[in-house]
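In terms of full-length UniProt numbering, the sequence shown is numbered consecutively and its last residue is 162.
Glycine included, every Cβ here is placed at the ideal spot set by N, Cα and C.
Just below is one structure, and these are the notes that go with it.
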Amino acid sequence: MIREALPDDVPVILAMIGELAAYERVPEAARATEPQLKEALFGPQPAAFALIAEDAGEPVGFALWFRNFSTWTGTHGVYLEDLYVRPAARGGGHGKALLATLAQICVTRGYERFEWSVLDWNEPTIGFYRSIGAEPMDEWTVFRLTGDALYSLSGAAPANGA
């Protein structure tokens with residue numbers, strides 16, 4: 001049911017990224033291209049990795065992740081960037097199987113942390129994550145620097161010349 005993604009999976013992963021962005025109410029935010037995703041996942045120095053959930057040989061979900069590092073534990077961990085299961089396949093165990101496979105990667109490789117973010121309004125997903133023993137990190141707030149603020153801090157001119 002779960003397998004490592006292959007280069008030929010890039011179009012379907014990209015399609016599911018678009019579906020996830022629409023579900024998260026920001027379809028315009030999914031701007032990645034096939035060449036970018038192919039390079040990130042399968043280039044000479046992969047920046048990320050992906051798993052595919054299949055049902056009857058058809059891709060129905062994916063997990064895209066990368067290694068992070070904890071200075072406190074001195075070990076790598078897994079950061080799950082995206083987890084998505086198509087609506088028709090939800091409830092079939094694909095999401096849990098993707099998470100279990102990532103947990104196995106952590107254990108096998110000696111990684112001590114498996115982390116991800118979830119939108120605070122996504123109650124069904126939060127309930128699912130709690131049901132598998134995941135705990136929210138309520139005392140932490142995620143920050144993001146992007147756009148004009150990123151360019152301003154870097155001292156560089158914005159890419160659009162503004």
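C-beta contact flag for residue i and residue j at 8 Å
{"i": "Leu-102", "j": "Trp-65", "result": "yes"}
{"i": "Ile-2", "j": "Leu-51", "result": "yes"}
{"i": "Gly-110", "j": "Thr-146", "result": "no"}
{"i": "Ala-100", "j": "Leu-41", "result": "no"}
{"i": "Val-107", "j": "Gly-95", "result": "no"}
{"i": "residue 178", "j": "Glu-115", "result": "Outside the modelled stretch of the chain, which goes from 1 to 162, sits residue 178, for which no answer is possible."}
{"i": "Leu-37", "j": "Ala-63", "result": "no"}
{"i": "Gly-18", "j": "Pro-27", "result": "yes"}
C-alpha distance - residue i paired with residue j, whole-angstrom precision
{"i": "Ala-89", "j": "Arg-67", "result": "28 Å"}
{"i": "Leu-98", "j": "Gly-155", "result": "41 Å"}
{"i": "residue 168", "j": "Pro-87", "result": "The requested residue 168 is not part of the displayed model; the chain covers only 1 to 162."}
{"i": "Glu-112", "j": "Trp-72", "result": "10 Å"}
{"i": "Tyr-23", "j": "Gln-45", "result": "31 Å"}
{"i": "residue 189", "j": "Ala-47", "result": "The shown model of the chain, from 1 to 162, leaves out residue 189, and the question about it has no answer."}
{"i": "Ile-126", "j": "Leu-119", "result": "8 Å"}
{"i": "Leu-20", "j": "Thr-33", "result": "15 Å"}
{"i": "Tyr-129", "j": "Glu-135", "result": "8 Å"}
{"i": "Gln-104", "j": "Val-142", "result": "26 Å"}
{"i": "Arg-144", "j": "Gly-91", "result": "32 Å"}
{"i": "Leu-150", "j": "Ser-117", "result": "21 Å"}
{"i": "Gly-93", "j": "Glu-123", "result": "18 Å"}
{"i": "Met-16", "j": "Glu-139", "result": "31 Å"}
{"i": "Arg-31", "j": "Phe-49", "result": "18 Å"}
{"i": "Ala-159", "j": "Ser-131", "result": "44 Å"}
Nearest-angstrom beta carbon gap, residue j and residue i [assumed within contact, 8 Å]
{"i": "Pro-59", "j": "Asp-9", "result": "7 Å"}
Could you name each continuous alpha helix (DSSP H) segment of 4 residues or more that falls completely within the UniProt domain "N-acetyltransferase" (1-156), going from the start of the chain to the end?
-> Secondary structure within the UniProt domain "N-acetyltransferase" (1-156): the alpha helix (DSSP H) runs of 4 or more consecutive residues, fully enclosed, are 10-23, 34-42, 94-109, 123-131 and 147-154 (chain order).
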